[in-house]
Structure formats: structure tokens, C-alpha cells
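Below: one structure, written as C-alpha cells.
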Amino acid sequence: MTRKLYFNQSNKYPFDLGKVLYAAQDFRWCKWDNEWHSGVLAGNLIHIRQVDSVLEYKSHSGADLDVMLRSYFRLCDPIDDIYDQLASRDSYIAQLVKKYHWLRVLRQPDSWECTVSYICSATNNVDRISGIVEKIAENFGGRLDLDGDVRFAFPTRRKVLRVGVGQFRELSLGLDRHCKIITAAERIRDGQLNLSRAARPEALYHKAKGQLTACYGIGNKVADCIALFGLDITEAFPVDVHIGRALAKRYGDCPMPENSSTLSNRKYCEIVNWAQDRFGKYAGFANQFLFHEERENSQLMGR
DNA sequence: CGCCAGGGTAGAC
DNA sequence: GTCTACCATGGC
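Our numbering numbers the first residue of the first sequence as 6 and each following residue consecutively.
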């Protein structure tokens, strides 16, 4: 059955499903039929499209996913206020907010999948990250069927531990990624890494980052991505090559060196502090506008 | 064949 | 603390 989710469309920054998913920060969306999109969210295979201020969707189980989808697309967040606030803090961001008014930082429901995805993002392009995440799901996740579309749930971290290093190595993920993934699962099991959002009240950016960067394979940048996309910590500010270029180009007072492929830990933190001071509690949203603009300019979008 | 892709680490000073 | 070589894989 097709469900309809009615939401309050913003007048200033209208939501656009197709574009949001095109720029999505998770890696499991693809086109399906005509204007329909196919995606896997927290074990649900979903087909979805937008008609004005209505989201029409189907799921493989037929379950009511309104609550999850409202959260995921931030349909209940005060987007007008947040984007106005960002625009008033910075004139360049104001331009980008206007240009990409449809952009949203998606609140990903499965922080474990998010963690694995960004562990796999190092020295990799978006298409290959999607491919790797899909490969892990196809091999170890449960099969999901919807109208002839076959997808696979992302395996839980318990399932990953049951599978073990041996079978994981056979996926040839490269760069020791199989070990990094399993190590992360072990640290969660042992209580050294807590990815549950319910258990983190507020302002735990530094605590979360400390736990994350203590893991093998998770450095500053990956930790910030997990914090922002998976843990809903909006002040997290991932600094990758694209963001680095944008900062060096547009902001003279930013401590971003002109051309450095690798940032020292100290330098990285200086840049994050600069960004949080300038953009505030929603620095991570500003980050995504900068990121998207930079990628559009370098024409790297392969989706 | 060489270059690149949303970095991170160990081992060197 | 900071700097480097190296890391594996696939697409072009």
C-alpha cells in the first residue's frame, strides 16, 4: 500500500526530495521507477516520491514509517529559523543557502551503518563507497523485496561479529577496511564506543569525538562525519579536501593552509574551532552547503 | 600505464 | 608534536 505523509513545506527553503537524495550523505539511495526513489533505511526497503508537500512511499513490510521519515528529512525541524540564522552569520553561506535551499543534513537512523560507511570513505569516491556498503549488505544482510526491487538490509554489528574477519576479508574492501569495521563493532560490544543517540543528552561533541577517534581507522574527519550524520551533533564540522579548498579560497582568517593534503591533528582542531566560532551550533549544516557547492564546481557528482 | 577518489596510521625525526 | 610513505581497490 502507498502511504502519504503530509508535511509543512517551507516557503523560503522548500524541500525537494530528488535533489536532497542526489546530494544525500548516506549511500543507499538510487533511482527506481520514473520519479520514484529506492532506498534502505534501518532495515526498511522504501520506495518514495514527492508530490508538492506530500511524500508518497511504500515499504516492503507495509509499515508506517512517518515518524522515521519526518526525522530523517528533518521535516519537523525549524529549517527557516536555522537557515536564516546561518545566513545572518555569514554572507557567503547566505548565498549558498539561497542557491541550495532544498539541501538538508539527513538525520540517519542507523548510526552503525553510518559509522561503517564513513570508515569506508577514506581515499575513495562516492560511487565506490556506495558499492562497498551495498556489497556488505548483499553478503551479510537480510533480503528485502518490494515490487520486483531486491535490496538488502545493512547487517547489524552483532551480525558482523558473528560473520568474523575471515569472511569479511574475502570482500576485498581494500585498505584494511574489514579489520577497521570489525574493530569498531568490538568496541561497541565492549562499551568503549557508544553510538546510541538516546544516551547522549546534549553538547557531547568532544566526548563523542574522543570515543570515535580512539577507534582504529577513525580519524578526525571520519569522526566528524559520524557525529554530524549519524549522531545528530550539528556542530560537528568535517574537514575534507573539498571543504579545505573552499575554506582556503573564501575565508582569509581561517587557519586552513593553502595546499596541504594531510592536516595535523592540531591544525584540524584549530579549523573546527574557527568554524564553530563563525557558524555556531549548526556549523555542520554550513559545512554541507560549502561541501555541495565545492563538489558541484569540481563536477565530481557521479550520481 | 598512471592518476585519482569526502584519510588514517605507523614509524621516523 | 609534526612530517611521510604507504596503504588496496576499481574507474577512467
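Here a beta-carbon is modelled for each residue, glycine too, at the ideal position from N, C-alpha and C.
Pick from the options that is closest to residue i, judged by C-alpha positions
| i | options | result |
| --- | --- | --- |
| L26 | N16, E40, Y18 and A142 | E40 |
| F12 | V72, H65, S64 and I51 | V72 |
| G249 | D237, L236, S266 and I238 | S266 |
| S76 | L46, V227 and Y88 | L46 |
| P260 | H247, N270, W279 and S269 | W279 |
| C184 | I223, D258, D245 and S303 | I223 |
| L176 | E61, A142 and S201 | A142 |
| R8 | L200, K36, E61 and V246 | E61 |
| I124 | R194, T218 and Q172 | T218 |
| W37 | A68, G153 and K104 | G153 |
| H297 | G136, K226 and D245 | D245 |
| A190 | Q216, I134, D150 and D69 | Q216 |
| K140 | Q172, R163, D150 and P114 | Q172 |
Proximity of residue i and residue j at Cβ, strictly below 8 angstroms
| i | j | result |
| --- | --- | --- |
| E240 | Q293 | no |
| R79 | R109 | yes |
| S15 | I84 | yes |
| I51 | S66 | no |
| G285 | L233 | no |
| V165 | I187 | yes |
| F145 | V168 | yes |
| R1 | D31 | Outside the shown range of the chain, which is 6 to 308, sits residue 1, and nothing can be said about it. |
| A158 | G48 | yes |
| Y97 | Y18 | no |
| D95 | R271 | no |
| L91 | V59 | no |
| I276 | L295 | no |
| R33 | G44 | yes |
Buried/exposed call for residue i, threshold 16 Cβ in 10 Å
| i | result |
| --- | --- |
| L101 | buried |
| S2 | The question about residue 2 has no answer, for the chain in this structure spans 6 to 308. |
| T120 | buried |
| V138 | buried |
| P243 | buried |
| C230 | buried |
| Q197 | exposed |
| E301 | exposed |
| S122 | buried |
| R309 | Past the edges of the chain, shown from 6 to 308, lies residue 309, and the structure says nothing about it. |
| R192 | buried |
| I221 | Reading off the sequence, residue 221 comes out as Tyr, not Ile. Under this definition Y221 is an exposed residue. |
| G307 | Bear in mind that the predicted position of G307 carries a pLDDT of just 42, short of 50, making it unreliable; the figure below should be weighed with that in mind. Classification for G307: exposed. |
| L180 | exposed |
| K104 | exposed |
| P262 | exposed |
| A68 | exposed |
| N264 | exposed |
Report the start-end ranges of each beta strand (DSSP E) in the segment 112 to 187 that is 3 residues or longer and not cut off at the edges. As far as the segment 112 to 187 is concerned, its whole beta strand (DSSP E) runs of at least 3 residues are 148 to 151 and 154 to 157.
Can you give, in chain order, each stretch of the alpha helix (DSSP H) that sits fully within the segment 231 to 271 and has at least 4 residues? Entirely contained in the segment 231 to 271, the alpha helix (DSSP H) runs reaching 4 residues are, in chain order, 246 to 255.
Could you tell me which whole beta strand (DSSP E) segments of length 3 or greater appear in the segment 32 to 85? 34 to 36, 42 to 46, 49 to 56 and 59 to 64
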